[in-house]
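Residue numbering for the sequence shown is 1 to 333, as defined by full-length UniProt numbering. Scroll down for the structure; my scribbles are underneath it.
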Amino acid sequence: MHDKSGVLVIGLIEGFLTARATRKPSPHTQAAYRRDLFGVATLAAELTTPPLPLADLRIDALSPGLLRTAFARFAADRAAASVGRAWSTWNSFFTFLVAEQVVPGNPMPAVGRPRMPLPQPKPLRGEDTPEQLLASAARGEGRQRDPWPERDVAVLALALCAGLRLSELLALRVGSLSGRPGERRVEVAGKGGRPRVLPVEPALDEVLSAYLDSRVRRFGSRTVRPDSPLLVDRRGEPLRRGGLQYLVESCYRRAGIGDRVPRGARLHALRHTFATRLAEDGAGAAEIMRLLGHASLASSQTYIEVTAVQQREAVRANRTNRALVGLVRSQSG
């Protein structure tokens, strides 16, 4: 291995980010990588003796001790989730440097990492809320300059009936849908580059077909070629992150269900609703894992655990249970 211990950290970070870009992460994810790497590196440079500007920090200066101190300062005013994400980013960074033979080993196992509880599902509240949302979108309710109910229902249905993430929805192409009627499926470019294929039930297939037919009427058949984006805005342009979020928010507002959407999980609440209903209907963790594209079985297990808790609370609320308590007490007396 060539001696690269004096290489500047800034250049190595840029090389790492370039390598990660080939995996096609979302701009949001790539920006988070950059913030985490430069944030901790800046603190590490300030903590060296004597302090250095970041531009002069070399990779051999990043000892386990310095990294621990830098992460401690980084964590002082940040949530555990932000610190955990930064730790993962730096771990990936050093794994890359080891593979590139820049450093002999990864020091990150010596740096403390906060324990991260698995995020709890945040589905839409209310037994029939998904149905109300879809019905409202299909009617094209509310004041809209250019109503397009077929498109709105297609977006909501893909999230509610296939559990797709925001990035997965935006990555879909018309050609992502394939198969004969009754055996339709959608190919999804999942998180972390993990592809998966999901079945498309006849009802969802009908919704998507109605949407594509309406799109042909609006913009012509040339706009629905296999390589065309599946989801577009009212001008026929590819739907983007902000536009998709606004579309879902407006559907909530028009349906009058804004108070049933958990905070911090606006579009993601639709995916959580899909998974929660799978668990309620008896799907196992392995099935949920495959359908949602989870990397860990533990993530899928949370839906089952939450459903079990809800079922127990529902049973506990049964008034007959209180009557049983009274019977036992009267017999013992």
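Beta carbons are placed, not taken as given, at the ideal position from N, Cα and C, and that holds for glycine. As the structure is a computational prediction, the values presented were derived from the model and not from experiment.
How many angstroms separate the CA atom of Arg-312 from the CA atom of Ser-221? Residue placement at Arg-312 is flagged as unreliable, the pLDDT there being 48, under the threshold of 50; the coordinate-derived value follows with that caveat. Approximately 52 Å, taken between the alpha carbons.
Closest Cα partner of Leu-270 within the set Gly-256, Pro-114, Leu-133 and Ala-171: Leu-133
So what does DSSP say about Ser-178, is it helix, strand or coil? strand
Closest by C-alpha distance to Arg-253, when choosing among Glu-46, Val-9 and Ala-137: Ala-137
Own chain residues within Cβ distance below 7 Å of Ile-10, not counting five before or after: Leu-54 and Ala-55
Rounded C-alpha distance that separates Thr-48 from Gly-39: 15 Å
Beta carbon of Ser-228, beta carbon of Val-155: below 7 Å? no
With contact counted as at least three CB pairs below 8 Å, one residue from each stretch, are the stretch 179 to 188 and the stretch 200 to 207 in contact? yes
So who's on the other strand from Val-186, going by DSSP bridges? Leu-177 and Leu-198
Per DSSP, what kind of secondary structure is Val-232 in: helix, strand or coil? strand
Once the 5 residues before and after residue 391 are set aside, which same chain residues still bring their CB inside 7 Å of it? Residue coverage of the chain in this structure runs from 1 to 333, which leaves residue 391 outside it and unanswerable.
Quick one: which unbroken alpha helix (DSSP H) runs of 4-plus residues sit fully inside the UniProt domain "Core-binding (CB)" (7 to 98)? Chain order, please. 9 to 21, 27 to 47 and 64 to 75
Express the C-alpha separation of Pro-114 and Ala-80 in angstroms, rounding to a whole number. 6 Å
C-alpha gap between Glu-287 and Leu-278, whole angstroms: 9 Å
Cβ-based burial, Pro-51 [other Cβ within 10 Å; buried from 16]: exposed
Straight-line CA distance for Ala-275 to His-268? 11 Å
Grab me the residues of Thr-223's own chain with a C-beta within less than 8 Å of its C-beta, minus the 5 sequence neighbours each way, in chain order. Arg-215, Val-216, Val-232 and Gly-236
Close-in-space but distant-in-sequence residues of the same chain around Glu-14 (CB under 8 Å, 5 per side omitted): none
Could you tell me the alpha carbon to alpha carbon distance between Pro-262 and Val-103, rounded to whole angstroms? 45 Å
How many angstroms separate the CA atom of Leu-177 from the CA atom of Glu-187? 7 Å
Could you give the distance in angstroms between the alpha-carbon of Val-153 and the alpha-carbon of Leu-247? 11 Å
For Leu-67, collect the residues of the same chain with a Cβ closer than 7 Å to its Cβ; drop the 5 residues on either side in sequence, then sort them by chain order. Ala-44, Pro-107 and Val-111
How should Ser-63 be labelled, buried or exposed, when 16 other C-beta atoms within 10 angstroms of its C-beta is the threshold for buried? exposed
How should Arg-73 be labelled, buried or exposed, when 16 other C-beta atoms within 10 angstroms of its C-beta is the threshold for buried? exposed
According to DSSP, simplified to helix, strand and coil, what is Pro-109? helix
Taking Cβ positions, are Leu-164 and Leu-158 nearer each other than 7 Å? yes
Could you please give the first and the last residue of the uninterrupted alpha helix (DSSP H) stretch that includes Ile-288? 285 to 292
Tell me which residue opens and which closes the alpha helix (DSSP H) that Gly-126 is part of. Counting along the chain, Gly-126 falls outside any alpha helix (DSSP H), and DSSP gives it neither H nor E.
Taking the alpha-carbon positions, what's the Phe-94 to Arg-125 distance? 42 Å
Secondary structure of Pro-262, DSSP reduced to three states: coil
So, are the CB atoms of residue 336 and Pro-149 less than 7 Å apart? Only positions 1 to 333 of the chain appear in this structure, which leaves residue 336 out of reach.
Using beta carbons (cut-off 7 Å, strictly below), is Gly-39 in contact with chain D? This model lacks chain D altogether, as it is built from one protein chain only.
Neighbour-count burial assignment, Arg-151, 16 or more Cβ in a 10 Å radius: buried
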